[in-house]
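Some notes on the structure that comes next.
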Amino acid sequence: MDDKKYWTEYYAKNSKPTDASSFAEFILPKLTEDKNLIELGCGNGRDSIYFAQNNINVTAVDQVQEEVDYLNENHKEDNIHFIAGDFTDLKNTTSEEIKNTDFDYVYSRFTFHSINEAKEDRTLDWIEEHLKTDGCFLLEARSLNDPMFKQGEALSETENFTTHYRRYMDLDKITQKLESRNFEIIYKIEDNDLAVYKDDNPYVIRIIARKL
Ligand SMILES: C[S@@+](CC[C@H](N)C(=O)[O-])C[C@H]1O[C@@H](n2cnc3c(N)ncnc32)[C@H](O)[C@@H]1O
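One rule links them: number in my numbering = place in the sequence shown (from 1) + 719.
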């Protein structure tokens with residue numbers, strides 16, 4: 720099953736937004752009201768809705784059209800819009816909102832580990848181009864030390880397949896990539912106990928990178 724089909728089927732059964740993630744709760748106090756945030760891979764929209772309810776202007780992108788339609792139908796507030804699309808190809812987006820906005824924040828939770836490295840690189844290019852100076856890239860993703868990496872079918876030294884594809888992240892490598900792209904790392908951590916969900920306690924990386 721390809722990943723888009725996996726997530727389409729997943730959100731068909733889990734369409735309603737759940738509580739905000741612990742990463743979103745960690746990030747919110749660092750945000751300034753009325754600024755613009757784009758979420759890359761919003762899933763059921765829980766973190767985007769949480770930010771919008773706290774007076775951030777949110778554009779939320781996900782590849783699952785049906786879930787985006789459902790979220791737009793149920794969230795008609797002025798400060799949040801859900802857009803269907805591939806967040807790794809925003810350079811070619813047809814969305815006028817995305818084309819015409821420079822963002823204060825780019826937020827990605829548990830989505831960078833779902834794309835291959837070529838897509839990561841072009842997403843980083845887009846982020847560098849579309850974040851305002853002093854804007855921040857806010858990232859949480861599974862790390863190479865995550866026990867999940869030992870499960871399923873190994874595809875490479877960083878990739879595996881369980882119920883779907885994942886590429887586990889090397890904190891030093893993504894840090895270097897951001898620094899080489901004109902970002903200052905203002906916060907970074909790699910640990911478990913940060914993103915516990917049921918019996919899954921992943922090792923994750925968190926990064927806050929400021930665009931210089
Ligand atoms: C693990 S879920 C995380 C959802 C949400 N960020 C959260 O933390 O609840 C990964 C999400 O990324 C989306 N996604 C993965 N690759 C994508 C891509 N290239 N373009 C748009 N969405 C993508 C999936 O459809 C799915 O909703």
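Yeah, the Cβ is synthetic: ideal placement off N, Cα and C, and Gly gets one too. Quick caveat: nothing in here was measured; it's all calculated off a predicted structure.
Per DSSP, residue i is paired with what?
i	result
F801	A779
D788	Partner(s): none; D788 has no beta bridge.
Y824	L756, C855
Y906	I927
Y916	D919
How long is the line joining the alpha carbons of residue i and residue j, rounded to whole angstroms?
i	j	result
W726	G760	11 Å
A779	E847	18 Å
S814	I802	8 Å
E752	N776	8 Å
K917	A739	15 Å
E836	D853	25 Å
N755	K795	17 Å
N773	V787	21 Å
D808	N920	31 Å
A860	E872	19 Å
Is residue i near residue j, with beta carbons less than 9 Å apart?
i	j	result
R885	H832	yes
L897	L843	yes
G762	Y789	no
L857	M888	no
I757	V825	yes
D805	Q782	yes
C855	D821	no
What ranges does the alpha helix (DSSP H) occupy inside the region 846-899, keeping only unbroken runs of at least 4 residues that lie completely in it? 890-899, all fully within the region 846-899.
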